[in-house]
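What follows is one structure encoded as structure tokens, with my remarks underneath.
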Amino acid sequence: MRNMRMPRRAIGVVAAVLLAGSVAACGNSDTGGEGGDGKIVLGFSQVGAESGWRTANTNSIKEAAGEAGIELKFDDAQQKQENQIKAIRNYIQQKVDVIAFSPVVESGWDTVLKEAKDAGIPVILTDRAVDSADKSLYKTFLGSDFVKEGRLSGEWLIENKKDATGDVNIVELQGTTGSAPANDRKKGFAEAIAADPKLKVIASQSGDFTRAGGKQVMEQFLKAHPKIDVLFAHNDDMGLGALEAITAAGKVPGQDITIITIDAVKDGMQALADGKFNFIAECSPLLGPQLMDLAKKVHAGEEVPARIETEETTFTQEQAKEALPNRKY
Ligand code: GYE
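So the sequence shown is residues -25 to -1, 1 to 304, counted in mature numbering (1 follows the signal peptide of the UniProt record, and there is no 0).
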């Protein structure tokens, strides 16, 4: 009787939880996972809460864990590698079933990954990659192709400036120093714009993927360089922070300075639809459901692909106007 009054979605969720619970029950006995009710225990170390992208990513992971019936242990590392290493060591000590993390920077993970491997706990990389030569230290890497995002941004710029005469001066706001998206987006963009010698990056500095960082570095750029034609920001948030600096300097964003960003979170899409940004290469933060699916598979000892790439698109101002009403994050 009670079931009949439940909304359909709720029944689905209950069924999924029960199913996941029973799968986990078989696995837990041999791995020592501590989900008292037989659930798979996933320890997740998040980078931080630096951007709108990150907030959407965290929400996606928490929501998907609930829906998949996975017990999630979540830690926010506040953009510090040492905090992530500490969190991973805690998860190893707690004998979680699976560890997943989004590495703040690319280097310096081998030791802790080896510790997880020795403890028999599978590791999944989400969102950002590590540069470890030993690929057996993790099961898979789920996330975007950041080089491609940079390249698509550069290719759009070439087309947009094809009739410009004289040098086109570009300033670049890089993401967190040493992070995969900062390294790769810079690389992809540089490779693409190399095809047109009038496109010149005159300044490039990290704004740490935050609005405050974007604003502060853009202020410095504007002071140091009287002629800035283009801003390439490695994420929406830094672009949004830069808007304040540009307006304060008496320039019109989107007109005096062409602005390209990456992510396509709601605030970025709004700026694009309003004509303040000119182009966004999308990077999807909605990795939760795929991550839970992978956690179940690696826990069950199933083979998974070594690399799973997120599907993405790009947006012009017109496309942003169309997409904005349905943008969830
Ligand atoms: O683009 C940025 C965030 O790693 C893809 O991190 C992610 C990046 C994203 O802070 O907004």
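The beta carbon of each residue, even a glycine, is placed where N, CA and C say it ideally should be.
Since this is a predicted model, take the numbers as computed values, not measurements.
Residue i vs residue j beta-carbon contact at 8 Å
i	j	result
alanine 281	lysine 110	yes
alanine 246	glutamate 257	no
phenylalanine 116	alanine 108	no
threonine 285	serine 119	yes
residue 305	glycine 250	The question about residue 305 has no answer here: the residues shown for the chain are numbered -25 through 304.
glycine 189	aspartate 212	yes
histidine 274	isoleucine 67	no
arginine 160	glutamate 124	yes
glycine 23	alanine 62	no
leucine 148	methionine 193	yes
isoleucine 235	phenylalanine 207	yes
isoleucine 60	valine 98	no
arginine 64	valine 87	yes
isoleucine 45	glycine 263	no
glutamate 81	glycine 163	no
glutamine 54	glycine 83	no
valine 71	glycine 18	yes
leucine 184	histidine 200	For the sequence presented, residue 184 should be read as phenylalanine rather than leucine. No, these two residues do not count as a Cβ contact at 8 Å.
asparagine 253	lysine 202	no
leucine 261	alanine 224	no
serine 77	aspartate 102	yes
alanine 167	arginine 126	yes
lysine 296	alanine 248	yes
lysine 271	valine 279	no
aspartate 93	leucine 112	no
Distance cut-off 7 Å: residue i Cβ against heavy atoms of the ligand GYE
i	result
glutamate 219	no
phenylalanine 184	yes
arginine 282	no
glutamate 46	no
glycine 125	no
proline 156	yes
aspartate 51	no
arginine 29	yes
glutamate 25	yes
arginine 302	no
isoleucine 237	yes
glycine 18	no
serine 107	no
asparagine 210	yes
leucine 82	Reading off the sequence shown, one finds serine at residue 82, where the question assumed leucine. Serine 82: no, Cβ never under 7 Å from the ligand GYE.
glycine 141	no
residue 305	Because the chain spans -25 through 304 in this model, residue 305 falls outside it and cannot be assessed.
glycine 243	no
serine 119	yes
glycine 95	no
glycine 150	yes
Nearest-angstrom Cβ-Cβ length linking residue i and residue j, presumed shorter than 8 Å
i	j	result
glutamine 151	serine 128	For the record, residue 151 in the displayed sequence is threonine; it is not glutamine. With 8 Å as the limit, threonine 151 and serine 128 do not qualify as a contact, their Cβ atoms being about 18 Å apart.
methionine 267	alanine 40	6 Å
arginine 302	lysine 241	5 Å
alanine 220	lysine 173	Not quite, the Cβ-Cβ distance comes to about 25 Å (not below 8 Å), so this is no contact.
isoleucine 255	methionine 244	7 Å
tyrosine 304	alanine 43	That belief does not hold up - the Cβ atoms of tyrosine 304 and alanine 43 are roughly 19 Å apart, past 8 Å.
Residues sharing a beta bridge with residue i, DSSP
i	result
threonine 86	In DSSP, threonine 86 forms no bridge with anything.
glycine 118	Glu284
asparagine 144	Lys175
glutamine 180	Leu148
serine 259	DSSP lists no partner for serine 259.
glutamine 21	Asp51
alanine 199	Looking at the DSSP assignment, alanine 199 forms no beta bridge with any residue, so it has no partner.
threonine 236	Ile255
threonine 291	Phe254
proline 156	DSSP output for proline 156 lists no bridge partner at all.
valine 73	Leu17
alanine 208	Leu148
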